[in-house]
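Read through the structure below, which is laid out as structure tokens, and then see the notes.
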Amino acid sequence: MSSRSATVGPFNRTWGAYAFLAPALLILFLSLLLPAIATIGMSFTDISFLRPTNWVGLDNYFRLMADGRFQQAIGNTIYYTLGVTFPTMALGLLAAVALNRKFPFRIVFRTIFYLPVLTSLIAAAVVWVYLYEPYSGPVNGLFVSLGLGPQPWLSSPNLAMTALIIMAVWRDFGTAMIIYLAGLQDIPEEIYEAARLDGASKFSILWRITVPMLASVTFYLMIILIVQSFQVFGAIYVMTGGGPLGSTETIVFQMYQTAFGYTEFGYSAAMSTVLFFVILLFSLVGTKIMRRGEA
Amino acid sequence: MAELELSGVSKTYGAFNALKDVSLEIGDGEFAVFVGPSGCGKSTLLRLIAGLDPVSEGQIAIGGKDVTSSQAGQRPIAMVFQNYALYPHMSVYDNIAFPLQMERRSKDEIRAEVARAAQIVQLSTRLQDKPSKLSGGQRQRVAIARAIVRKPGIFLMDEPLSNLDAALRMEMRSELTQLHRRLGSTMVYVTHDQLEAMTMADRIVVLNGGRVEQVGPPMELYHNPANLFVAGFIGSPPMNFLAGTVRSVDGATVSVDALRIGVVTLPFSGEHLYAGDSVTLGVRPEALELGAGRQVQFSVVPEAVERLGLHTIVHAGEEGRPFTALFNGDPKLRAGEAINVSVDRSSVQVFDADGISRSRRTEV
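In structure tokens, the structure reads:
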């Protein structure tokens, strides 16, 4: 073995660590960093693979700012994100609190609630298209049996986004439940016992003890749900194709259409870059707030 | 303030009997300490009194009122936990105020009560801090203040000093004793540390295997232990036990042939001992004297000598049976060199084959 002296430089001491990290770093660079850099680069061009590519500077970004369709997509994305994130968290929390208690078959319930997360998105979307079917779909069947009229779930510009949100909440609340369950198990039983002795009701314990003590979990969940909702594509592609009348066209769906429908890869790359920085900003702010909360 | 009465209280978990037929009365304003080894049921008993777990059998009454089926929050008690159980997301103020907020008291009233409790536990300057900013001792004070504001009939304390270091434990021990004197409340305190029990209790309840072994003031338990378990548990270093056989019984004295000390005649209660019975003699390490100045004399060979300045502890175990002597000061003793020791007859306890004390009772 070679002896180590105080004069050895840092790299000489740490090259072994870099060597072990190199394969993983190389894969990350090729699969994540390189495409990201390439996308940012493409956003300054009019690349379409059908004609010669020109450098256009910030033109794509100026065009985005004036693009009414893009602004509608932003609005739709925000509506979808808010619609999915908060109900998912609320339902996930309620399910977690209920299933954190000891009662028979609770593992069965946990599994049932988590199953949607494990199903294939496309298969689930196809099933939901059937559920929302206006004439023979079970959802309208239920509505009719309750005395409410049948609704054109996926074909009405007013309802299509809500229908997508319901499906997303069904699919995602299992994730929220599992994360909240992990958070709940970190709260010592003694804290609940102290609250019971202090005369707190079940609701007070939930509102004054459980919810605040899950704040960092809630924040983490909120960030991942927001980021995930910003990137929604699969369900829209299968269920509505962005319609009717662009009412379910979100940023990622529009990016896809712009790139692969209209072959405007440069313009689509600019959309992608904007979305990338918005998500990055959310993640950074979220992480910072979470760290401050932990301190 | 309130008295506590337990009648035939039992607790079972499946086939396991954690507590068996515990009956006990703790007087108004009394400081009672439940003491015993791990798993003896002392914390379980406290949780039953608190209402955190339901009793399997028996009744619990506080202030003359049956609370056996009352919810924890409805009982006139407050509890201090070993791990403090503070609400980490709340400030010290909110932690202390929480029970009052649950009672929907007015803000002014809450402010006054919190200030009073914080002053008692000397935390008035830390009210806006989160518990994570406080030391272990300060956190335990917050927990005590949270208990004080409820003005409970009974304070329940579940090993509240176990997480503190030795110096702080000593300080808090004295603070809790003063607090008890100041508030005059009934306190039920659980500990596995017999030193805490001896120094703080008006009365000690010794538990073992889910049963009450003995109840009494600290010095009563020290001088007149009811059985071998209490004799071995109360006192530090623990009592020495020497196996022996009864040679003869004569009225109020019994002649015993015992290991190490040979044949010795001792005073006893006058009942339940007969010639030929197996007995155990108990000698407290601190009852032994160097030299032959007392009535019962024998010699031991120290295998280790621990000098603590105020005391010297001599370990002189033989064939796996421990034997300890504690002498005042710093006598010149060396491991391996035999020494003569002696003890008064009245300081030697006699236990029958079932471990029950047959000694004559000493007035305490």
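Chains as they are written, first to last, in the numbering used here: chain A, 1 to 295; chain B, 1001 to 1364. Glycine is no exception: its CB is placed at the ideal position from the N, C-alpha and C atoms.
Alpha-carbon to alpha-carbon, residue j and residue i
i, j, result
"residue 1111(B)", "residue 1097(B)", "8 angstroms"
"residue 270(A)", "residue 62(A)", "10 angstroms"
"residue 1124(B)", "residue 1095(B)", "13 angstroms"
"residue 1311(B)", "residue 1341(B)", "16 angstroms"
"residue 1129(B)", "residue 180(A)", "27 angstroms"
"residue 172(A)", "residue 1114(B)", "44 angstroms"
"residue 208(A)", "residue 131(A)", "39 angstroms"
"residue 1041(B)", "residue 1132(B)", "31 angstroms"
"residue 1237(B)", "residue 1172(B)", "23 angstroms"
"residue 230(A)", "residue 286(A)", "15 angstroms"
"residue 1321(B)", "residue 1315(B)", "11 angstroms"
"residue 100(A)", "residue 1013(B)", "21 angstroms"
"residue 1073(B)", "residue 1066(B)", "15 angstroms"
"residue 215(A)", "residue 187(A)", "12 angstroms"
"residue 243(A)", "residue 249(A)", "7 angstroms"
"residue 1252(B)", "residue 1267(B)", "6 angstroms"
"residue 85(A)", "residue 201(A)", "28 angstroms"
"residue 1046(B)", "residue 1022(B)", "12 angstroms"
"residue 1215(B)", "residue 1187(B)", "15 angstroms"
"residue 16(A)", "residue 1165(B)", "43 angstroms"
"residue 42(A)", "residue 127(A)", "38 angstroms"
"residue 1291(B)", "residue 1337(B)", "14 angstroms"
"residue 1117(B)", "residue 1139(B)", "14 angstroms"
"residue 4(A)", "residue 20(A)", "Since pLDDT at residue 4(A) reaches only 48, below the 50 mark, its modelled position is unreliable, and the value read off the structure follows with that caveat. Approximately 20 angstroms between the Cα atoms of the pair."
"residue 255(A)", "residue 165(A)", "20 angstroms"
"residue 1057(B)", "residue 1004(B)", "17 angstroms"
"residue 1092(B)", "residue 1119(B)", "13 angstroms"
"residue 1025(B)", "residue 1222(B)", "21 angstroms"
"residue 1233(B)", "residue 1304(B)", "23 angstroms"
8 angstroms contact criterion, which residue i and residue j should meet: CB distance rounded
i, j, result
"residue 1348(B)", "residue 1296(B)", "6 angstroms"
"residue 1261(B)", "residue 1242(B)", "7 angstroms"
"residue 1344(B)", "residue 1294(B)", "5 angstroms"
"residue 259(A)", "residue 253(A)", "Contact flag wrong, Cβ pair sits at about 11 angstroms."
"residue 1076(B)", "residue 1154(B)", "7 angstroms"
Assigned secondary structure, residue i (DSSP; H/G/I helix, E/B strand, else coil)
i, result
"residue 242(A)", "coil"
"residue 296(A)", "Residue 296(A) is absent from the structure shown; chain A starts at 1 and stops at 295."
"residue 1109(B)", "helix"
"residue 1239(B)", "coil"
"residue 54(A)", "coil"
"residue 1180(B)", "helix"
"residue 1299(B)", "strand"
"residue 262(A)", "coil"
"residue 1349(B)", "strand"
"residue 1016(B)", "strand"
"residue 1275(B)", "coil"
"residue 1130(B)", "coil"
"residue 1281(B)", "strand"
"residue 1332(B)", "coil"
"residue 1(A)", "Residue placement at residue 1(A) is flagged as unreliable, the pLDDT there being 41, under the threshold of 50; a coordinate-derived value is accordingly withheld."
"residue 1322(B)", "coil"
"residue 76(A)", "helix"
"residue 1214(B)", "strand"
"residue 158(A)", "coil"
"residue 1339(B)", "strand"
"residue 312(A)", "The requested residue 312(A) is not part of the displayed model; chain A covers only 1 to 295."
"residue 1208(B)", "strand"
DSSP bridge partner residues for residue i (one or two, in chain order)
i, result
"residue 1189(B)", "1033(B), 1157(B)"
"residue 1227(B)", "1356(B)"
"residue 1026(B)", "1004(B)"
"residue 1368(B)", "This structure cannot settle anything about residue 1368(B), because the visible part of chain B is limited to 1001 through 1364."
"residue 1077(B)", "1154(B)"
"residue 193(A)", "According to DSSP, which records beta bridges pairwise, residue 193(A) is partnered with nothing at all."
"residue 1065(B)", "1062(B)"
"residue 199(A)", "BP columns for residue 199(A) are empty, so no partner."
"residue 1203(B)", "1032(B)"
"residue 1098(B)", "None, per the DSSP bridge assignment."
"residue 1315(B)", "1304(B), 1324(B)"
"residue 1011(B)", "1019(B)"
"residue 1250(B)", "1253(B)"
"residue 219(A)", "Beta-bridge pairing links residue 219(A) to no other residue."
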